[in-house]
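Trainee: Questions regarding the structure given below will be posed in turn.
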Amino acid sequence: MPLDAMDERSDEELLALYAAGDAAAARALTLRLVPGVFAHASRLLSDATEAEDVAQEAMLKLWRIAPDWRAGEARITTWLYRVTANLCIDRIRRRRGSPLDDAPEVADEAPSAEARMLSGDRAAALHAALADLPERQRQAVVLRHLEGLGNPEIARIMDIGPRAVESLVARGKRALEERLLGRRADLGYTDDRS
Amino acid sequence: MTDPDRSRPDDPLEAYFRAAREATPTPTAALLARIADDAVTAQARRRAVRARTGRGGWRAALRRSWPEAAALVAATCAGIWIGVSPPDAVADVLGAGTAEGEFAALVEPATVFDVALLTER
């Protein structure tokens, strides 16, 4: 089946076609799903190489469960967000266990974030600040404000209630505000929010 | 997977979130190719497994392990035979007509307490 014809089909239909042996369905799913998986992993890990490994691993899990996928039970993107986040959290925990991360985190991070703000690179400053948040807060803030998902879907991805999502997002944002907006004032920024 | 319309302009962090959304990392062509290759490999592996265990595969497995299969069939037949027409010895133990409690006394296993008494000293 040509790739153009695949555009009309849902993720689940493509996965069923792939499980039945259609190689074009795999290519279509790769083009459709990998950008989101890779972006999410990059945002959680702040490391492109590791994000590539995670994206490949998450998609490999999808290819393997394709024949057993039960249509209608969960959205493929929701499942992928969850798998991706779990793989990222595993890596973050391994990093924390490594000898380099035994040193206090804050001392080296602060000047780096300030320098990034001075250069106007808000995205980089945000990622540096996100990296300091606890894993679940980081995941919730990224899903809500960078991936643009609603609380019910985030709740399904994180396997918690919508209220817990709200709480995680609120606490995460408070910490980001302290980190990013507090420094803006220190650095003499005016109230420029553009 | 992204819905940028959920942004809130009055959010003091929105400028940062917007900057991060605009700088969305994109996968390289090499990564996409690797992932598509993985898909084809997984498909081929599944086909190979199906070929080994699929149609005709069970006959080959049966030929390899016929003694076990014969024992299983014999045990099944014996179970059915005993159930339909129990020998006298079995019927006595199952004890139709025995007083209530006798059967329980026959089959009640030793309790932990009994074992403790036996092993004391």
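First to last, the protein sequences are chains Z and D.
Here the first sequence stands for residues 1 to 194, numbered as in the UniProt record's numbering.
Here the second sequence stands for residues 1 to 121, numbered as in the UniProt record's numbering.
From the three backbone atoms N, C-alpha and C, an ideal C-beta is built for every residue, glycine too.
Output, in chain order, the set of chain D residues within a Cβ distance shorter than 8 Å of Z:R64.
Mentor: Near Z:R64 (Cβ distances below 8 Å), the residues of chain D are A42.
Trainee: Are the CB atoms of Z:V165 and Z:R144 nearer to each other than 9 Å?
Mentor: Cβ distance < 9 Å, so Z:V165 and Z:R144 count as in contact.
Trainee: Can you give me the start and stop residues for the alpha helix (DSSP H) that D:L72 sits inside?
Mentor: From DSSP, the alpha helix (DSSP H) with D:L72 extends over W66 to V84.
Trainee: Measure the alpha-carbon distance for Z:A155 versus D:A75 and round it to whole angstroms.
Mentor: Going by the C-alpha atoms only, they are around 52 Å apart.
Trainee: Leaving out five residues before and five after residue 196 of chain Z in sequence, what residues of the same chain have Cβ atoms less than 6 Å from its Cβ?
Mentor: Outside the shown range of chain Z (1 to 194) lies residue 196 of chain Z, about which nothing can therefore be said.
Trainee: Note the first and the last residue of the continuous alpha helix (DSSP H) segment covering D:R47.
Mentor: D:R47 -> alpha helix (DSSP H) spans A29 to T53.
Trainee: Taking a cut of 9 Å between CB atoms, which residues from the stretch 66–99 of chain Z lie near chain D?
Mentor: Residues passing the 9 Å Cβ filter: A66, P67, T77, L80 and Y81.
Trainee: Below 8 Å on the Cβ atoms is my contact criterion, and I expect Z:A125 with D:Y16 to pass it. Report the Cβ-Cβ distance as a whole number of Å.
Mentor: That belief holds up - the Cβ atoms of Z:A125 and D:Y16 are roughly 7 Å apart, short of 8 Å.
Trainee: Closest by CA to Z:M158, which one among Z:A131, Z:Y81 and Z:G172?
Mentor: When only C-alpha atoms are compared, the closest one is Z:Y81.
Trainee: D:E14 by DSSP, collapsed to three states: which one?
Mentor: Here D:E14 sits in helix by DSSP.
Trainee: Using the Cα positions of D:P27 and D:A51, report the straight-line distance between them to the nearest angstrom.
Mentor: If I take the Cα positions, the gap works out to 35 Å.
Trainee: Using the C-alpha atoms, what's the distance from D:R21 back to Z:R64?
Mentor: Roughly 31 Å separates the two Cα atoms.
Trainee: Any residues in the stretch 26–39 of chain D with a beta carbon nearer than 8 Å to a beta carbon of chain Z? Which ones, in chain order?
Mentor: Listed by position along the chain: T26, P27, T28, L31, L32, R34, I35, A36, D38 and A39.
Trainee: Beta carbon of Z:H127, beta carbon of Z:S10: below 9 Å?
Mentor: No; because the gap between Cβ atoms is not below 9 Å, this pair is not in contact.
Trainee: So, do the stretch 165–178 of chain Z and the stretch 82–90 of chain Z have three or more beta carbon pairs nearer to each other than 8 Å?
Mentor: Contact between the stretch 165–178 of chain Z and the stretch 82–90 of chain Z is absent, because fewer than three Cβ pairs lie under 8 Å.
Trainee: What does a CB cutoff of less than 8 Å around Z:R32 pick up in its chain, not counting 5 residues either side in sequence?
Mentor: Result list for Z:R32: D11 and L14, in chain order.
Trainee: At 8 Å on the CB atoms, spell out the chain D contacts of Z:S42, in chain order.
Mentor: Ordered by position in chain D, the residues that pass the 8 Å Cβ test against Z:S42 are P25.
Trainee: In the DSSP assignment, find the alpha helix (DSSP H) that holds Z:I154 and state where it starts and stops.
Mentor: Its alpha helix (DSSP H) spans residues N151 to M158.
Trainee: Expressed to the nearest angstrom, what Euclidean distance is found between the alpha-carbon atoms of D:D11 and Z:A131?
Mentor: For D:D11 and Z:A131, the distance between alpha carbons rounds to 20 Å.
Trainee: Whose Cβ in chain D lies nearer than 9 Å to the Cβ of Z:L126?
Mentor: Going along chain D in sequence order, the residues near Z:L126 (Cβ under 9 Å) are L13, Y16, F17, A19 and A20.
Trainee: Can you find a C-beta in chain Z that's less than 9 Å from the C-beta of D:R47?
Mentor: Yes, D:R47 lies at the interface with chain Z (some Cβ there is under 9 Å from its Cβ).
Trainee: In angstroms with no decimal places, state the Cα-to-Cα distance between D:A29 and Z:V34.
Mentor: Using only the alpha carbons, I get a separation of about 11 Å.
Trainee: Of all the CB atoms in chain D, is at least one closer than 9 Å to the CB of Z:L14?
Mentor: Not closer than 9 Å to any Cβ of chain D, the Cβ of Z:L14 fails to qualify, so no.
Trainee: Near Z:W69, what residues of its chain come up, given a Cβ to Cβ distance below 6 Å and the 5 sequence neighbours on each side ignored?
Mentor: So the qualifying residues of the chain are L15.
Trainee: What's the gap between the Cα of Z:A48 and the Cα of Z:S42?
Mentor: So the two alpha carbons sit approximately 6 Å from each other.
Trainee: Could you tell me the distance, in whole angstroms, from the CA atom of D:T24 to the CA atom of D:V40?
Mentor: Rounded to whole angstroms, D:T24 to D:V40 spans 28 Å at the Cα level.
Trainee: Helix, strand or coil for Z:E50 per DSSP?
Mentor: Three-state DSSP puts Z:E50 in a helix.
Trainee: Is there a C-beta anywhere in chain D that falls below 9 Å from the one on Z:P35?
Mentor: Yes, Z:P35 counts as interfacial toward chain D.
Trainee: What residues of chain D sit near Z:G21, judged by a beta carbon separation below 9 Å?
Mentor: Under the 9 Å cutoff, chain D gives Q43, R46 and R47.
Trainee: Return the CA-CA distance between D:A69 and D:A78, expressed in angstroms with no decimal places.
Mentor: Whole-angstrom Cα-Cα distance: 14 Å.
Trainee: Quick one: Cα of Z:W180 to Cα of Z:D22, how far?
Mentor: It should be noted that the sequence gives Leu, not Trp, for residue 180 of chain Z. In a straight line, the C-alpha of Z:L180 is about 48 Å away from that of Z:D22.
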